[in-house]
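Take a look at the structure below.
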Amino acid sequence: MNYVLTRQIIDFVATREISVREFKNHITNVLFLYQKNVWPGMFNCLARHDTARLLTLCNNDVNRLKLAYSILFTLAGAPSIYYGDEIGLDGEHDPGCRKCMIWDKNKWDHNILNHLKNLIKVRKENPILGSYGFLEFKSYDEEKQYLEYIKTDTKTQYLILVNNSDSQIETEHSDLINNTELLSNTKQISKNINLEPLSMKIFKLN
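For the sequence shown, UniProt numbering assigns the number 1 to the initial residue and increments by one for each residue that follows.
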């Protein structure tokens, strides 16, 4: 149970108790807690049976939940989805976090469900995003709540852009022109990259 990692993502995205710089530094420290061969087996979760549900911690902000899981799926370890997170189940501390699963698909939040399915697909197709890539933080902006990091091995690099703010951000990356953004499966045609509030973009570098 990688609770140390859980705490950093929740504090950064869900409750905003730490800054971009603090998140970057804390994650760097977490990565050095365990040897490289241990990381693929680390159980990474954002919610569990004895804490408030993630959507509740995110103040019922679906985009915060989606961003938190987006970050989780680009880090080493085995990402875990607590039942109900994928369809927008909320709940306070125990017993609220143990409420029954909603089986009526008409009551599901399919926006969340489709996002998590897409994260699983992208990670499976690009294992370097998971446990088989080295993480390196590139740059960050405290005021804009913006962060860039790279996942890489000896041959392939992925650039991850994170906007943890409530405003749209524009950044420039001329090196990303004609590269495909993996979550949307669209080609970048300009050096100007727009990130919607509380969003992530993942590029496989040519």
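Backbone N, C-alpha and C fix where the C-beta goes; we use that ideal spot for every residue, glycine too.
Since this is a predicted model, take the numbers as computed values, not measurements.
Cβ pair residue i, residue j closer than 9 Å
i: Q8; j: F23; result: yes
i: N179; j: K204; result: yes
Classification of residue i by the beta-carbon crowding that lies within 10 angstroms, buried from 16 upward
i: I160; result: buried
i: residue 283; result: Because the chain spans 1 through 206 in this model, residue 283 falls outside it and cannot be assessed.
i: Y158; result: buried
i: R64; result: buried
i: C97; result: buried
i: T51; result: buried
i: Q145; result: buried
i: M101; result: exposed
i: K66; result: buried
Cβ-Cβ separation, residue j to residue i (assumed contact under 8 Å), whole Å
i: S19; j: E148; result: The Cβ separation is near 15 Å, so there is no contact.
i: A68; j: L54; result: 7 Å
i: E196; j: N163; result: 7 Å
i: I177; j: Q188; result: 6 Å
i: A76; j: W103; result: At roughly 34 Å, the Cβ-Cβ gap does not stay under 8 Å, so A76 and W103 are not in contact.
i: I112; j: E86; result: 6 Å
Residue from the options with nearest C-alpha to residue i
i: L135; options: R21, E17, T28, L5; result: T28
i: D153; options: N126, E172, Q188; result: N126
i: C58; options: Y82, S70, V13; result: V13
i: I71; options: I87, D94, D50, L129; result: L129
i: R123; options: T74, G41, H49, K66; result: T74
i: Y3; options: P79, K66, K107; result: P79
i: N44; options: K99, S139, I81, K66; result: I81
i: L183; options: D166, Y34, M1, I120; result: I120
i: T171; options: N192, T15, E181, K99; result: N192
i: S131; options: L5, N206, N37; result: N37
i: L60; options: T15, R48, E181, S199; result: Per the sequence presented here, residue 60 reads as Asn, with Leu not at that position. When only C-alpha atoms are compared, the closest one is T15.
i: R46; options: V30, D109, Q35, I10; result: In the sequence as presented, Arg is not what sits at residue 46; that position holds Leu. Comparing Cα-Cα distances from L46 to each of V30, D109, Q35, I10, the minimum goes to I10.
Bridge partners - residue i, DSSP secondary structure assignment
i: D141; result: Y146
i: M200; result: V162
i: C45; result: S80
i: E136; result: I150
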